[in-house]
Structure formats: C-alpha cells, structure tokens
Amino acid sequence: MKKFSFAVSVLLLASLTARAETIEMNVYGMVCGFCAQGIEASLRKNPATLDVVVSLEKKLVVVKTKEGEDIADPELKKAIADAGYDMKSVKRTQRSMEDVRKELVAANK
Amino acid sequence: MKILPLFATALLAAVLVSRPATARPVLYADSTSAMVEYGAGDMKEAAVFYAPEYYFSFGVGRVELDSPGGGARHELNYARVNYLAKRWNMEAAQANIFFWGGAGKGKVDLWVPAGSVVPPPGAHDHGLNPGNTAGYWATVESNGWNAGGQIDYETRRLYALLKTDNYRSQAFTMRTDTVQFGIAPYEHETNTLATFFILSGTRSSGNAHQDEELALLVRLFKKRAWFEAGVTTEGELRASAMFSL
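Keeping their order, the protein sequence lines are chains A and B. Each position in the first sequence, counted from 1, maps to that position plus 3 in the working numbering. Each position in the second sequence, counted from 1, maps to that position plus 244 in the working numbering.
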C-alpha cells in the first residue's frame, strides 16, 4: 500500500511539474515600446518559450513555457539583460496568458 | 584648387556630426536596425546598424546631397561604431550615456563656373546652375573621422537629451551641440502608438559651419517602426524613420 501511495504521489507531482508554467518578472527601465521589443525577441530565442507578454505600465514581463519545460532564473536574467534591462524579481504561477492579457487590458483602461 | 578638397571634407563633417538621427544608437542584442532620412534640401540617406550586444552596435551608411542650385552633388559612404557606456534602469525611467565614432569617405562633384573662384567651404555656396553657365565639374574625395556622445533620460511621459558631436580632419573642425526636450500626451504601451512632441535646439560651431537651429518635431513609434518629422523655425522640413529588422 505504501508503495502504491508513493507511486501515486510521484505521478501526481510529475503531472503538476509537466504543466506549462507562467513566469512573471518585474523588470526596471521599460519606458520605450520600440526598445522594449528586444525583451520579447530575446526571450523567444529560448526553445522553452511558448508566449511572451510585456507591460510597460506594470513593469511586467510574462513568459509562458512549453509543457514540462522551465527557464532557469539565471537564463531569464541574462535574456532581460541582453535586451538592456534589469530583472528585479521573478515568480512562477499557473495563471493563463489569457488571464494575464485581460488583467493588463483592464489596467490600461 | 586646393580648396576643393575642403568641400568634400565639409560634406563629411556635416553628415558625420548629424548622426545618429535616432534617439537610441543601440537597440538590443542581436538586433539589426535600418534608418532612412529625408531633408527638404534634396538630402537622402540610408544606414544599417547591427548590435551584437545591447551595449554595442556598428554599421554603414550612404548619403546623397544636392545643393539647391544644382551646382554640386555630394555622396558619402561611412562606417560608424556606437557604444552604451552606462545605463540606469529605474522603476519607471531610463537614463543612458552613449559614445560613438565614425569614419568615412566623401565625394563632391562641384560645378565651377568658368572664370570664377571656388567659394569658401564655410559659405557652402555652390555657384550657379550649371545649365546657365560655362564651366566644368570638379570631383574631389576626402577622408575624415568624428566622435561624439549623448546623455538621455526618458519616461513614458518625458524625454530629455544632451548630445555633442565633434569632427576633425586636416582641413576642418566642427562641433554640434544638441538639446532636446519631449513630452508625451499619454503613456504608450508595447502594442500602442507612442507619441512625443520634441523641441530640438542645435548649435554648430567650428570653421566648417556655424549655425543655430530650433525645430519642433513629432516622434511616433510602435513595435518595430519609428518615425520623426517636423519643421525648423526657418520652415525647413526634417523627417526620418527607423525600423528594427
């Protein structure tokens, strides 16, 4: 029974980690849309990237990774730095990009 | 005829000190940007820059300039390097210090009316329309280099820039100082059009060209396209565009 429980736990954990992750970064210096396009270009070079959203208003860069994949924090920091900006914080959530976009649209109204 | 090379050098000075036309000499790592500029004085220019890093770019360009009377045709091919020395990324603002340097080779086809002397380069009076006078075309080439720098500060509402550009050759010295202040009527987003109204003041000094110019410009940009146009207090048109490829 213990073995069965352990196997179920492992499978459950694996299924959770296999889900696509939403990475939300607080980025400083983003004041110009023309220049900030480099952030999206830089992050999309990563093969794990599925989608990217950048908000100047919220100082927010959101990356959706492909299922079962993640981007390590140092890689994220380097991608933001290559675009010429500073990543101040990062967190991982399970928000959908649709929800993120809806929130940003509402914030800009 | 020794004065003729000075015309080519003057052209080189005028072009090199006017770069970069765009607000940001370097965009981001692995970016390529193309720039075109049009001036009402029959000026056309195109340039391409590549940035291997977010703090460094290099590129080449070509400019063609005809004098209003048609008495001179200018061409210039140049190379330029831009360097971001320092950037401050603040929560809702950014400030930068850039330096740049360039070198180029210019060619001037100058109409010299028969029996007249070549005008001094500072005056840049290229004489009479060749169709109405007897004379000959003189072609001269010249080399030169320049160096400059700028400091800028930008939010989504405000823009400020101080820029200096210096040109040197055996024949000429020229310096152009620029100050710009801009204001945006609204805060743009990455997927919306940005609009800035820019007041631009320029003072040129040196033995090649002395001038003071005040211009009101409208700057628009969205995604990969950047456009700026306006008029000087003397009613001259200024327009430029930049595209990130």
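Built from N, CA and C at the ideal position, the CB exists for glycine as well.
Limits of the beta strand (DSSP E) - the one that M486/B falls within: Judged by DSSP secondary structure, M486/B falls within the beta strand (DSSP E) whose first and last residues are L481 to S488.
Compute the beta-carbon to beta-carbon distance between K26/A and A86/A, rounded to the nearest angstrom, for a pair I have assumed lies under 8 Å. What sits at residue 26/A in the sequence shown is Ile, not Lys. Between the beta-carbon of I26/A and that of A86/A there is about 15 Å, and that puts the pair past the 8 Å contact cut.
With DSSP as the reference, label M33/A as helix, strand or coil. Collapsing the DSSP output to three states places M33/A in coil.
Rounded to whole angstroms, what is the Cα-Cα separation between L406/B and S277/B? If I take the Cα positions, the gap works out to 23 Å.
Grouping DSSP H, G and I as helix and E and B as strand, with all else coil, what is S58/A? S58/A sits in a strand when the DSSP states are folded into three classes.
Within the 8 Å Cβ cut-off, does Q338/B reach chain A? Output row for Q338/B: interface = yes.
Look at the Cβ atom of A358/B, then the Cβ atom of R401/B, and state whether they are nearer than 8 Å. No. Outside cutoff.
DSSP state of R498/B, grouped into three classes? The structure shown does not extend to residue 498/B, since chain B is modelled only from 245 through 489, so no value can be given for it.
With 9 Å as the limit, tell me which residues of the segment 38-69 of chain A have their beta carbon closer than that to any beta carbon of chain B; keep them in chain order. For chain B, the residues of the segment 38-69 of chain A that bring a beta carbon within less than 9 Å of one of its beta carbons are C38, A39, Q40, G41, I42, E43, A44, S45, K48, V56, V57, S58, L59, E60 and K62, in chain order.
Determine the burial state of W470/B: buried for a count of at least 16 other Cβ atoms within 10 Å of its Cβ, exposed for fewer. With 16 or more other Cβ atoms within 10 Å, it is buried.
Contact check, T434/B vs G36/A, beta carbons under 8 Å: For T434/B and G36/A, yes; Cβs fall inside 8 Å.
Considering only the beta carbon of each residue, do W389/B and R412/B sit closer than 8 Å? Yes.
What do you reckon, are the CB atoms on N340/B and D89/A nearer than 8 Å? Result no, Cβ atoms of N340/B and D89/A do not sit closer than 8 Å.
Taking all protein chains shown into account, do 16 or more other C-beta atoms lie within 10 angstroms of the C-beta of G371/B, making it buried, or fewer, making it exposed? Because G371/B sits at a pLDDT of 47, beneath the cut-off of 50, its placement in the model cannot be relied upon, and the point is left open.
Assuming M100/A is part of the beta strand (DSSP E), what are its boundary residues? Careful: M100/A lies outside any beta strand (DSSP E), inside the alpha helix (DSSP H) at M100 to N111.
Counting pairs of beta carbons, one from the segment 73-84 of chain A and one from the segment 441-460 of chain B, are three or more of them closer than 8 Å? Flag = no, the segment 73-84 of chain A and the segment 441-460 of chain B do not touch.
Starting from D76/A and walking both ways along the alpha helix (DSSP H), at which residues does that stretch end? For D76/A, the enclosing alpha helix (DSSP H) begins and ends at D76 to D85.
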